[in-house]
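First the structure, in the form of structure tokens, and then the observations on it.
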Amino acid sequence: MINKKAFLMAKLGLTVAILASPIFAAEDVESMSRLEQGKAITFNRSKGNCLACHYVEGGELTGNYGPPLIAMKMRYPDRDDLRAQIWDATTKNPDTRMPPFGRNRILTEEEIDLVTDYIQSL
Numbered sequence: 129m130i131n132k133k134a135f136l137m138a139k140l141g142l143t144v145a146i147l148a149s150p151i152f153a154a155e156d157v158e159s160m161s162r163l164e165q166g167k168a169i170t171f172n173r174s175k176g177n178c179l180a181c182h183y184v185e186g187g188e189l190t191g192n193y194g195p196p197l198i199a200m201k202m203r204y205p206d207r208d209d210l211r212a213q214i215w216d217a218t219t220k221n222p223d224t225r226m227p228p229f230g231r232n233r234i235l236t237e238e239e240i241d242l243v244t245d246y247i248q249s250l
């Protein structure tokens, strides 16, 4: 029989280790290409978290609340329009549920640029 206290302590330790570890270490992100960096931020549940609402190819547990992020270059041929949407979608649609990533400082200017480059490449 398994010692219940030891099992719970091991489970707690594993949970803490998982929650404390970042998805990508800072030095890993810096060595990636701009598109890879944008993808890392887009998929990061504590940063862009785009997967919570949008389908993105290659993402796990993607949402279906927002539109799928496909054919983005055709939908947003002007990169500045896409960046403005990510910065603050309430400008075009005051009733949107998309967080204003720039206005609320969820993402930095550089992170928004990286996410914009990645999303437009889809």
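Yeah, the sequence shown ends on 250 if you go by our numbering, and it's all consecutive.
Even glycine gets a Cβ: it sits at the ideal position worked out from N, Cα and C.
Residue of the options minimising C-alpha distance to residue i
i	options	result
Asp208	Glu237, Leu189, Pro227 and Pro196	Glu237
Pro227	Met200, Asn172 and Asn177	Asn177
Arg173	Arg211, Gln248 and Leu235	Leu235
Arg231	Tyr246, Arg211, Leu242 and Ile247	Arg211
C-alpha gap between residue i and residue j, whole angstroms
i	j	result
Pro195	Glu164	22 Å
Glu188	Ile214	21 Å
Tyr183	Lys167	13 Å
Arg203	Leu250	10 Å
Glu239	Arg233	10 Å
Leu179	Thr244	15 Å
Ile146	Thr224	Because the pLDDT at Ile146 is just 41, under 50, the model does not fix this residue reliably, and the value given afterwards should be weighed accordingly. If you take the alpha carbons of Ile146 and Thr224, they lie about 32 Å apart.
Pro205	Leu197	14 Å
Phe171	Lys220	24 Å
Asp216	Ser161	25 Å
Asn192	Cys181	6 Å
Asp241	Pro222	23 Å
Thr252	Thr218	Not covered by the structure: residue 252. The range shown for the chain is 129 to 250.
Ala199	Phe229	22 Å
Gln248	Lys175	18 Å
Glu257	Tyr246	Nothing in the structure corresponds to residue 257, since the chain is present only between 129 and 250.
Lys201	Ile169	19 Å
For residue i, the first and last residue of its enclosing alpha helix (DSSP H)
i	result
Ser249	Glu237 to Ser249
Phe171	Arg162 to Phe171
Lys201	Met200 to Arg203
Leu210	Arg207 to Trp215
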